[in-house]
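> To convert, note that position 96 of the sequence shown is 96 in full-length UniProt numbering; the numbers rise steadily by one, no gaps. All C-beta atoms, glycine included, are put in the ideal place defined by N, C-alpha and C. Please see the structure below; I have some questions.
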Amino acid sequence: RNGIEYKKIEKVNIFEFQSYLEGKVGPRSFLRILSCLRIFYKFLHIEQLIDDQTLKVLKKYPSKKIRYRKDLPDFLSKNQIEKIVEKIGLNKEINEFDKITNQALIMLFFSSGIRLSELISIKLSDINFSNNEIKIFGKRKKQRMVNFDNNTKDLLIKYLTLIKKYPLVKDLYNDNLFVTKDNRPLKRRKIQAIVMNNLKELNLAAYGPHTLRHSFATHLLDSGVSIEAIKSLLGHEKLSSTQIYTKITTPRLKKIIRKAHPRGEK
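The structure is reproduced here in structure tokens:
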């Protein structure tokens, strides 16, 4: 930035560079930039354009001291979700199969709080429609049960009824829950694209399947569900992973206080 020669870089220059980028990029982006610098300097070292001491400057930079911000993620209201699902149903540019698939995907994410990797792995045999439950295999194959609401149940049944009309689909009972018309498992990128395309108009800082998981957890917290119960439902191993949802924004906190405090409504 200040015309520093690559041979004369010092640790202080990197700290100055970090200060310059502060507010312009996040910690993760800065670490990616730093990683690129390290690769560049390794190349210079291989080409014998810098000495060992110059290379050590970047190697010793304490990137582990950079802390990621753990702000409360963006979340969607129930009304927003309902509008998204309704909009999908009115979309004349996609066929009936894609409409039902997209609606079922979004509602299942929102009503169960499962991860993208968990949704991809769901088999039809994992679902208990009588109790609105799904057996989920999370990280490290850890098993848990999650629930879904009746609206999601109706969409899943509608999806399964519709998909049976396609002749290429065979033995669905032993296959993935979400498949294409020709019985191929719905890929991770395709599911991400479905969710992101339907959330992109909401002006969120970040959006995707995890936004729906955040929304699930936030609504549970707002409804008075304990943080320990939410931890179990999300499949978190550590309570610290779930405690991000306790960072309630001021307007919501005021609303809760007004409702709970004996003099809150006065």
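On the three-pair Cβ rule with 8 Å, is the stretch 96 to 114 touching the stretch 142 to 155?
Flag = yes, the stretch 96 to 114 and the stretch 142 to 155 touch.
> Quick one: give me the first and last residue of the alpha helix (DSSP H) that Phe75 is part of.
No alpha helix (DSSP H) contains Phe75, which DSSP labels as neither H nor E.
> Do the stretch 206 to 218 and the stretch 139 to 149 make contact, defined as three or more Cβ pairs closer than 8 Å?
With the cut-off at 8 Å, the stretch 206 to 218 and the stretch 139 to 149 do not touch.
> Pair every Cβ in the stretch 228 to 246 with every Cβ in the stretch 127 to 134, then say whether three or more of these pairs are closer than 8 Å.
These segments do not touch.
> Anyone know if the C-beta pair for Phe75 and Thr218 falls short of 8 Å?
It is a contact, given that the beta carbons lie within the stated cut-off.
> For Gln53 versus Leu116, is the C-beta spacing smaller than 8 Å?
No, Cβ-Cβ distance for Gln53 and Leu116 is not below 8 Å.
> Candidates Lys165, Ile227 and Leu202: which alpha carbon is nearest Glu96's?
Answer by Cα proximity: Lys165.
> What does the alpha-carbon distance come out to for the pair Arg69 and Ile163?
Reliability fails at Arg69, whose pLDDT of 48 lies under 50, so the model's placement of it is uncertain and no value is given.
> Taking Val195 as the reference, which of Arg38, Lys99, Leu90 and Leu31 has the closest Cα?
Ranking the options by Cα distance to Val195, first place goes to Lys99.
> Over what stretch of residues does the alpha helix (DSSP H) that includes Val195 continue unbroken?
Arg188 to Leu199 is the span of the alpha helix (DSSP H), which, as asked, contains Val195.
> Do Asn147 and Ser112 count as a contact pair if the criterion is CB distance below 8 Å?
Closer than 8 Å, so yes.
> Let me confirm a value: Lys64 is counted as buried when at least 16 other C-beta atoms fall within 10 Å, else exposed. Which label applies?
Low confidence applies here, because Lys64 scores a pLDDT of 47, under 50, leaving its location unreliable; read the following figure in that light. Looking at its Cβ environment, which holds fewer than 16 other Cβ atoms inside 10 Å, Lys64 is exposed.
> CB of Ile120 to nearest heavy atom of the ligand PLP: below 7 Å?
You won't find the ligand PLP in this model; it holds no ligand whatsoever.
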